[in-house]
Amino acid sequence: MADPSVADSIQRHAETALLGGPLRYTRAQVAEQSGVPEADSQRLWTALGFPANPDDEVDYTQADITAVTNFRSMRVVAASDVRQQAAASRTIGQGMARLAEWQADLVLAEIKARAEAADPAIPLDERIKAATDSTMASIEQLQIYVWRRHLNAAIARSVDGPNDAPGESLRHLAVGFADMVGFTRLTRHLHHDELATLLEAFESTTTSAITDNGGWVIKNVGDEVMFAAETPEAAAHISLAIQESTMLVGGTPDLRVAFAYGEVLQRLGDLYGSVVNIAARLTGVARPGNVLIDDAAAAALADHPEFAIRHLRSVRVRGFNRLRPHRLRYA
């Protein structure tokens, strides 16, 4: 498919399939038909991560009007202030933007593969349109399925929590980190294929250890993963499983792992507070191959027969004059 018109054809059909129709409205028309003030709709639009185009530019479809109307019709959203609405929009936009950037190459390759496999007697543009429509439908179905499963799990974790502001709650959780030792040095010597393989091995093994032991991934940032669990026992199993699983993967660097336990602010899918900071600082001072925990986690696990805890000397780290680490192992 070396025809120079292929790229234009894919983009044209993808735009129609993804945006739900042709571009036919300006921002003012979206505001008028949705009943949402233009300033508010623009604020939500930019919070989602899209550029604020000139007011008279025809850049919107009926799907945009429907989305704005549905978002503002939610009672929780309507009762919140503009800051909370923008924060929710920004979180959705950032998550979807990262997902879309990853999916773009996959989608393009799939469209081309399906078009090439179609009957060559059918005009090229028609083959591309059919391939685009079927690919988008498959990706959308898979994405909705995964989202529903994750949302169900998140609701199960949050249903008994306090009724705080939308997207924000105080919860008692164990929060931990695992990072690769010497990652910056490694990146200077690895080919990009080797680096991709290393990151894939790290992310797959840590994600498996976290989810198999009842926790969930908060985020991956390069050489580090942040996780959470409902109890210190679950976090202990996660942390020790991470260390064990990475030892079985050849070429994976040593890891530092630590977690802390206590009250955290859960906001828009992320976690904040001193417990998070303590876990991060403990990770920074942990020796390769070890798991460190804080005082609260050590107290909660003190009488647990499955674990052995060794109390270490206090350390001084940024933000904490005296931080008492405890080394965790299986008994």
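Using this note's numbering, you'd call the opening residue of the sequence shown number -2 and step up by one each time.
Quick reminder that beta carbons are idealized off the backbone N, C-alpha and C, glycines included.
Please read these numbers as outputs of a predicted model, since none were measured by experiment.
Query                                                                                                                                  : Result
Expected contact under 8 Å - CB spacing of residue 239 and residue 206 to nearest Å                                                    : 5 Å
Alpha carbon of residue 23 to alpha carbon of residue 47, nearest angstrom                                                             : 15 Å
Three or more C-beta pairs below 8 Å linking the region 66 to 76 and the region 30 to 37                                               : yes
Contact under 8 Å by Cβ, residue 84 with residue 265                                                                                   : yes
Spatial neighbours of residue 255 in its chain, beta-carbon cut-off 7 Å, leaving aside the 5 residues before and after                 : 173, 174, 276, 279, 280, 283, 288, 289, 290
For residue 67, the three-state DSSP class (helix, strand or coil)                                                                     : helix
Opposing strand residues paired with residue 288 [DSSP bridges]                                                                        : 254
Alpha-carbon spacing of residue 56 relative to residue 123, whole angstroms                                                            : 25 Å
Distance, residue 286 Cα to residue 236 Cα                                                                                             : 10 Å
First and last residue of the uninterrupted alpha helix (DSSP H) at residue 87                                                         : 79 to 114
As assigned by DSSP and simplified to three states, the class of residue 267                                                           : strand
Simplified DSSP assignment, three categories, for residue 311                                                                          : coil
Residue 293 to residue 258 span [Cα, whole Å]                                                                                          : 6 Å
Cutoff 8 Å; reference residue 327; Cβ partners in own chain excluding five residues on either side                                     : 237, 303, 304, 305
Contacts around residue 187, its chain only, beta-carbon distance under 8 Å, and the 5 residues preceding and following it disregarded : 195
For residue 166, the residue or residues it bridges with in DSSP                                                                       : 263
C-beta atoms of residue 251 and residue 178 nearer than 8 Å                                                                            : yes
Residue 232 and residue 213 closer than 8 Å at C-beta                                                                                  : no
Selection from 241, 208, 181 that minimises the alpha carbon distance to residue 221                                                   : 181
Beta strand (DSSP E) runs contained entirely in the region 2 to 55, provided each spans 3 or more residues                             : none
Closest residue to residue 104 among 208, 64, 203, 14 (Cα-Cα distance)                                                                 : 14
Ordered list of beta strand (DSSP E) runs contained in the region 198 to 252, each at least 3 residues                                 : 213 to 218, 221 to 226
Residue 59 versus 19, 78, 151, residue with shortest Cα-Cα distance                                                                    : 19
Span separating the alpha-carbon of residue 311 from that of residue 134                                                               : 56 Å
Cβ neighbour criterion (16 or more within 10 Å) applied to residue 322                                                                 : buried
Coarse secondary structure for residue 281, derived from DSSP in three states                                                          : helix
Rounded straight-line distance, which links the Cα of residue 45 to that of residue 26                                                 : 19 Å
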